[in-house]
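Okay, structure first, notes after.
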Amino acid sequence: MHSPFSQCGKAFQGITMSEYSYFTREFIWSALFMVGLSITWGVSWTLAYKPVIIVHGLLDDPDNYATLAAFINQTYPGTKVIIVDAFNNNNSLQPMWKQVKGFREKMLPIMRSAQDGVNLICCSQGGLICRAILSTTEAHNVQTFISLAAPQMGQFGGDPKHQARYRQNNDFLAVLNNETNNPLADEWKHNFLQIQKLILIGGPDDEVISPWQSSFFSFYDTRGRVVDITQQEVYVQDSFGLQSLDRRNGLVVCTVPGVKHREWVHSKRAFDECIAKFLF
């Protein structure tokens, strides 16, 4: 009966026992090194996934985001996903700046515990809240801000025919866009530009955001035509950093047809096409 090592043994014919021992020892150490390296790489790979903070929208709550959290962990196993539990359902009707303050208080400890930074996914009204948090928070560590079907250029306000009235009476969006005499405008712009990427997601079948292109910072002109983001005053004037972000390739627009407003957080297509690749 032949030894299973008989063929291997032929390769060592003609060498001394000490040389044989040397080769054997080196082989064992090499094998152990590769195993250790694989384990190390495996751990590092897992740790490379930044925590994802999710902020819900109007009349919504964290329970609605279980599907999105599952998508994330199916794609990047072990990712820490935190769906912020604040201003749920009817409480989301409270003043926006109050919500910004409350959400920030819950999010800051998460950010501080993440040495390599965090990513944000903020849906609908949550997209405006997150943008306000980024603008008003010094030295945050958000790497990628994913704005999911959020009316970033407004919906109920910002009437293009009454811009003076809008700037005078709107104490949230006009201020956030630095369209008013905000003494903190430069500071807010600096804070916002600490992100590496802004991902704007929306689609023509949303049926809630009007115009649906508001998700991309586009809005109506005085004739009711939708004007592209690059022609909007907030972009042209770079009032809070949109143009700066775009110039450094940090602005991404992703359009997904066939998704209604309440379906965004359950849409695998939207996740695969517009979210997944930006979380790594």
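Numbering (my numbering), first residue to last: 352 to 631. All C-beta atoms in this analysis are idealised placements derived from N, C-alpha and C, irrespective of residue type, glycine included.
According to DSSP, is Val610 helix, strand or coil? Taking the first residue of the sequence shown as position 1, residue 610 is located at position 259. Secondary structure of Val610 (DSSP, three-state): coil.
Could you check the C-alpha separation between Lys303 and Ser618 for me, to the nearest Å? No answer is possible for residue 303: it lies beyond the span of the chain, which begins at 352 and ends at 631.
Per DSSP, which residues does Ser498 bridge with? Please list them. If you number the sequence shown from 1, residue 498 lands on position 147. Its beta-bridge partners are Cys473 and Leu551.
Rounded to the nearest angstrom, what separates Ile390 and Ile461 at their Cα positions? If you number the sequence shown from 1, residue 390 lands on position 39. If you number the sequence shown from 1, residue 461 lands on position 110. Note that Ile390 has pLDDT 38, beneath the 50 cutoff, so the model's placement of it is unreliable and the number below is only indicative. Approximately 27 Å, taken between the alpha carbons.
Going by Cα to Cα distance, which pick from Tyr427, Asp579, Ala399 and Ala437 is closest to Pro413? If you number the sequence shown from 1, residue 413 lands on position 62. Between Pro413 and the set Tyr427, Asp579, Ala399 and Ala437, the nearest pair of CA atoms involves Ala437.
Give me the Cα-Cα distance between Pro402 and Val469, rounded to the nearest whole angstrom. For this step, residue 402 is matched to residue 51 along the sequence shown. For this step, residue 469 is matched to residue 118 along the sequence shown. The C-alpha of Pro402 lies about 5 Å from the C-alpha of Val469.
Could you pull the start and end residues of the beta strand (DSSP E) that Ile404 belongs to? Working through the sequence shown from its first residue, we reach residue 404 at position 53. For Ile404, the enclosing beta strand (DSSP E) has its first and last residue at Val403 to Val406.
Buried or exposed by the 16-neighbour rule on C-beta atoms within 10 Å, applied to Ile550: As a first step, residue 550 must be located in the sequence shown, where it is residue number 199. Result: buried.
What does a CB cutoff of less than 6 Å around Gln594 pick up in its chain, not counting 5 residues either side in sequence? On the sequence shown, position 243 is the one that residue 594 refers to. Excluding positions up to five away in sequence, the list reads Tyr586.
Pick from Asn533, Gln476, Lys452 and Val451 that is closest to Gly408, judged by C-alpha positions: Numbered from 1 along the sequence shown, position 57 holds the residue referred to as residue 408. In terms of CA proximity to Gly408, Gln476 leads the group Asn533, Gln476, Lys452 and Val451.
Whole angstroms is fine: what's the gap from Val435's alpha carbon to Ala420's? The residue given as residue 435 occupies position 84 in the sequence shown. The residue given as residue 420 occupies position 69 in the sequence shown. One Cα belongs to Val435, the other to Ala420, and the distance between them is close to 12 Å.
Does DSSP classify Phe570 as helix, strand or coil? Numbered from 1 along the sequence shown, position 219 holds the residue referred to as residue 570. Phe570 carries a strand assignment under DSSP once its states are collapsed to helix, strand and coil.
Could you tell me the distance, in whole angstroms, from the CA atom of Leu524 to the CA atom of Glu530? In the sequence shown, the residue the question calls residue 524 occupies position 173. In the sequence shown, the residue the question calls residue 530 occupies position 179. Across the structure, Leu524 and Glu530 are spaced so that their CA atoms are roughly 9 Å apart.
Is Asn424 closer than 8 Å to Thr418 when the C-beta atoms are compared? The residue given as residue 418 occupies position 67 in the sequence shown. The residue given as residue 424 occupies position 73 in the sequence shown. In terms of Cβ geometry, Thr418 and Asn424 do not form a close pair [threshold 8 Å].
Closest by CA to Ser486, which one among Leu544, Ser566 and Gln564? As a working note, residue 486 is residue 135 in the sequence shown. Of the candidates Leu544, Ser566 and Gln564, the one whose C-alpha sits nearest the C-alpha of Ser486 is Leu544.
Do you know how far the Cα of Phe568 is from the Cα of Asn528? Translated into the one-based positions of the sequence shown, residue 528 becomes position 177. Translated into the one-based positions of the sequence shown, residue 568 becomes position 217. Taking the straight line joining both Cα atoms gives about 11 Å.
By Cβ distance below 6 Å, which residues in the same chain neighbour Thr581 in space, the five residues on each side in sequence not counted? If you number the sequence shown from 1, residue 581 lands on position 230. Leaving aside the five residues that flank Thr581 on each side, none in its chain has a CB nearer than 6 Å to its CB.
Using the Cα positions of His541 and Gly592, report the straight-line distance between them to the nearest angstrom. Within the sequence shown, the letter at position 190 stands for residue 541. Within the sequence shown, the letter at position 241 stands for residue 592. The alpha-carbon atoms of His541 and Gly592 are separated by roughly 8 Å.
Under three-state DSSP, which class holds Val603? Numbered from 1 along the sequence shown, position 252 holds the residue referred to as residue 603. DSSP, read as helix, strand or coil, puts Val603 in strand.
With 16 other Cβ atoms within 10 Å as the buried cut-off, status of Asp557: By 1-based counting over the sequence shown, the position of residue 557 is 206. Residue environment analysis places Asp557 among the buried positions, since at least 16 neighbouring C-beta atoms fall within 10 angstroms of its C-beta.
Consult DSSP for His617 and reduce its assignment to one of helix, strand or coil. Translated into the one-based positions of the sequence shown, residue 617 becomes position 266. Looking at His617 - three-state DSSP - the assignment turns out to be helix.
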